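S.K.: Right, I'll just put the structure down here and ask away after.
Numbering (this note's numbering), first residue to last: 627 to 918.
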């Protein structure tokens with residue numbers, strides 16, 4: 627064993643080394659343990675303050691990271707799936723104040739999808755105690771229907787993602803948010819190839835952070851279980867993008883093709899602005915809804 631003493635109050639009448647020696651002698655005589663300062667099995671930690679002292683022999687790893695709110699605000703594109711809640715947790719870990727934006731497709735997505743998103747927001751809000759988490763819900767159906775009418779079906783998912791990003795940027799700019807977060811991971815699904823991510827990013831006026839980019843699915847699932855969102859995410863539901871997904875999505879998209887297809891929807895900007903005007907807002911804190 628070894629003893630490690632730290633004195634936050636230097637006015638204590640013994641030095642750290644003297645405390646180590648006195649307590650070490652006590653342990654050796656009463657517990658029949660040997661001192662080993664390099665290859666120890668037990669590290670007894672002593673922290674001495676002005677009015678108290680703390681002694682411990684076990685250390686538990688915390689969440690790590692930065693205190694929430696010490697970094698800038700961020701807007702997470704949150705679905706009810708497994709990945710994006712984990713991305714939100716990593717966002718909180720880096721000290722950002724989290725806001726979420728979710729897209730619904732009524733009547734195709736029912737109350738279950740909205741409830742899952744709400745339940746996930748409840749969980750994420752527990753990781754920023756005393757700090758509110760703002761959640762925004764947008765009706766995306768009309769835009770999806772217009773995209774689905776285009777002749778090139780393989781690009782429909784990419785065009786949906788580009789539209790979501792543009793809406794997210796407009797919402798973020800209103801709230802003075804300087805970055806978006808998503809749950810994308812390279813190669814996990816068709817829309818998450820390097821070429822497709824490049825095409826999606828071109829629609830953004832803000833940097834897009836992807837904390838899961840190098841993780842495989844099992845690593846993401848393990849983290850989702852650890853933070854408490856996995857069981858919520860695997861409940862059956864209809865995802866907004868899946869409902870209007872193409873039969874054969876493009877794997878290596880081209881920005882010029884995406885823009886050409888978007889030009890065939892001349893009122894796309896108006897539709898996005900209208901969707902943003904009808905946004906629903908909810909506020910969460912410490913696992914509860916405080917404003918709905």
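All residues carry an ideal CB built from backbone N, CA and C; glycine is no exception.
Quick caveat: nothing in here was measured; it's all calculated off a predicted structure.
Closest to residue 905 by CA distance: which of 685, 731, 753, 648 is it?
M.R.: Proximity to residue 905 across 685, 731, 753, 648 peaks at 731, based on C-alpha coordinates.
S.K.: Alpha carbon to alpha carbon, how far is residue 650 from residue 682?
M.R.: For residue 650 and residue 682, the distance between alpha carbons rounds to 14 angstroms.
S.K.: For residue 870, does the three-state DSSP call read helix, strand or coil?
M.R.: Of the three classes helix, strand and coil, the one that applies to residue 870 here is coil, per DSSP.
S.K.: Less than 8 angstroms between the beta carbons of residue 689 and residue 793, yes or no?
M.R.: no
S.K.: Should the segment 757 to 764 be regarded as contacting the segment 874 to 883, the criterion being three or more beta carbon pairs within less than 8 angstroms?
M.R.: no
S.K.: If you check the beta carbons only, do residue 706 and residue 722 fall under 8 angstroms apart?
M.R.: Residue 722 sits away from residue 706, with the two beta carbons spaced by 8 angstroms or more.
S.K.: Just to confirm, are residue 642 and residue 628 a CB contact at a threshold of 8 angstroms?
M.R.: no
S.K.: Am I right that residue 780 and residue 872 are in contact with their C-beta atoms under 8 angstroms? What's the rounded C-beta distance?
M.R.: 5 angstroms
S.K.: Rounded to whole angstroms, what's the CA-CA distance from residue 870 to residue 808? Just pull it up for me.
M.R.: 20 angstroms
S.K.: How many angstroms separate the CA atom of residue 653 from the CA atom of residue 677?
M.R.: 24 angstroms
S.K.: Around the C-beta of residue 679, are 16 or more other C-beta atoms found within 10 angstroms, so that it is buried, or is it exposed?
M.R.: When all chains shown are included, residue 679 counts as exposed.
S.K.: For residue 931 and residue 908, I'd like the C-alpha separation in whole angstroms.
M.R.: Because the chain here runs from 627 to 918, residue 931 falls outside it and cannot be looked at.
S.K.: Taking the Cβ atom as the reference point for each residue, do residue 787 and residue 863 lie within a distance shorter than 8 angstroms?
M.R.: no
S.K.: When DSSP labels each residue in this structure, what does residue 729 get in the three-state scheme?
M.R.: strand
S.K.: Distance, Cα to Cα, residue 822 vs residue 664?
M.R.: 52 angstroms
S.K.: Under 6 angstroms Cβ to Cβ from residue 710, same chain only, skipping five residues before and after it: list those, please.
M.R.: 704, 809
S.K.: With a cut-off of 8 angstroms on the beta carbons, I'd call residue 751 and residue 910 a contact; round off their distance for me.
M.R.: The beta-carbon distance between residue 751 and residue 910, rounded to whole angstroms, is 4 angstroms. This is short enough to meet the 8 angstroms contact definition.
S.K.: For residue 629, which of helix, strand or coil comes out of DSSP?
M.R.: The answer is strand: DSSP assigns residue 629 an E or B state.
S.K.: Between the alpha carbons of residue 811 and residue 826, how many angstroms are there, rounded?
M.R.: Rounded to the nearest angstrom, the two C-alpha atoms are 14 angstroms apart.
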